[in-house]
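Engineer: Submitted below is the structure of interest, expressed as structure tokens.
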Amino acid sequence: MSADRSTIVHATTVACQGSAVLLRGAPGAGKSDLALRLLTSCQTPILASPFMLVADDQTVLRRDGSRLVASPPETLAGLLEVRGVGIVPLPFAAEAVVALVVDLSARAEIERLPEPASTRLLDVLVPLIRLPAFDASSPAKVALALAAVIGALDTR
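What follows is the structure, given as structure tokens:
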């Protein structure tokens, strides 16, 4: 049995219903902006609960058996950088199980109908989607993808 491991990654993480979404991208790609829009969007029929901040800019990832758990570094817990406003304190989740990774990319790099994809983090396979951070529909697409992954999507 392998020992549990941890690492810090350059990513912003939000959670809903105990499941985390890891937002990855280059500096200035819109990770914090997309997180802010997810945190402030109202509840939708897609997910029954609102999103909550886990970590901004840096996320601690820890393997716990077959699960990947995200948490904030202690010094950044509950803080979100809002460009043009500053560092804002917010309620946060101390940890959540990573259910989805979103790579923020230029629209031209994103396939219209992509095949299912995944990424391996600390030897845990996690579903992956690619989105443009600043599209108006990106928060809804994140919620939809998360709902599909965690089985909360009612297709009736």
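Numbering (the numbering used here), first residue to last: 1 to 156. The beta carbon of each residue, even a glycine, is placed where N, CA and C say it ideally should be.
What are the partner residues of Pro127, as DSSP defines its beta bridges?
Structural biologist: DSSP, once it has assigned bridges, lists Ser118 as partnering Pro127.
Engineer: Have a look at Ala117 and Leu76 and give me their C-alpha separation to the nearest angstrom.
Structural biologist: Distance between the alpha carbons of Ala117 and Leu76: 30 Å.
Engineer: Output the distance between the C-alpha atoms of Gly25 and Ala108, rounded to the nearest integer angstrom.
Structural biologist: Spanning the two alpha carbons is a distance of roughly 15 Å.
Engineer: If you drop the 5 nearest sequence neighbours on each side, which residues of the same chain put their C-beta closer than 8 Å to that of Met124?
Structural biologist: Looking at the sequence shown, residue 124 is not Met but Val. Hits under 8 Å: Arg63, Ser66, Arg67, Leu68 and Val98.
Engineer: Identify which residue in Pro73, Phe92, Pro89 and Pro50 has its Cα closest to the Cα of Ala147.
Structural biologist: If we check each option's Cα against that of Ala147, Pro50 comes out closest.
Engineer: For Gln17, write down the residues that DSSP places opposite it in a beta bridge.
Structural biologist: In DSSP, Gln17 forms no bridge with anything.
Engineer: Please classify Val85 as buried or exposed, where buried requires at least 16 neighbouring CB atoms within 10 angstroms.
Structural biologist: Burial call: exposed.
Engineer: Determine the extent of the beta strand (DSSP E) in which Ser66 is found, giving its start and end residues.
Structural biologist: Ser66 -> no beta strand (DSSP E), and no H or E assigned at all.
Engineer: Just how far apart, CA to CA, sit Ala9 and Asp57?
Structural biologist: It is Val, not Ala, that sits at residue 9 in the sequence shown. If you take the alpha carbons of Val9 and Asp57, they lie about 8 Å apart.
Engineer: Exposed or buried, which one is Ser6 when buried takes at least 16 other CB atoms within 10 Å?
Structural biologist: Looking at its Cβ environment, which holds fewer than 16 other Cβ atoms inside 10 Å, Ser6 is exposed.
Engineer: With DSSP as the reference, please indicate the residues paired to Pro89 in a beta bridge.
Structural biologist: Answer is Leu79, bridged to Pro89.
Engineer: Ends of the alpha helix (DSSP H) at Leu104?
Structural biologist: It is not in any alpha helix (DSSP H) - Leu104 instead sits in the beta strand (DSSP E) that spans Ala96 to Leu104.
Engineer: Go ahead and label Gly18 buried or exposed: buried means 16 or more other beta carbons lie within 10 angstroms of its beta carbon, across all protein chains shown.
Structural biologist: It is exposed - the Cβ of Gly18 has fewer than 16 other Cβ atoms within 10 Å.
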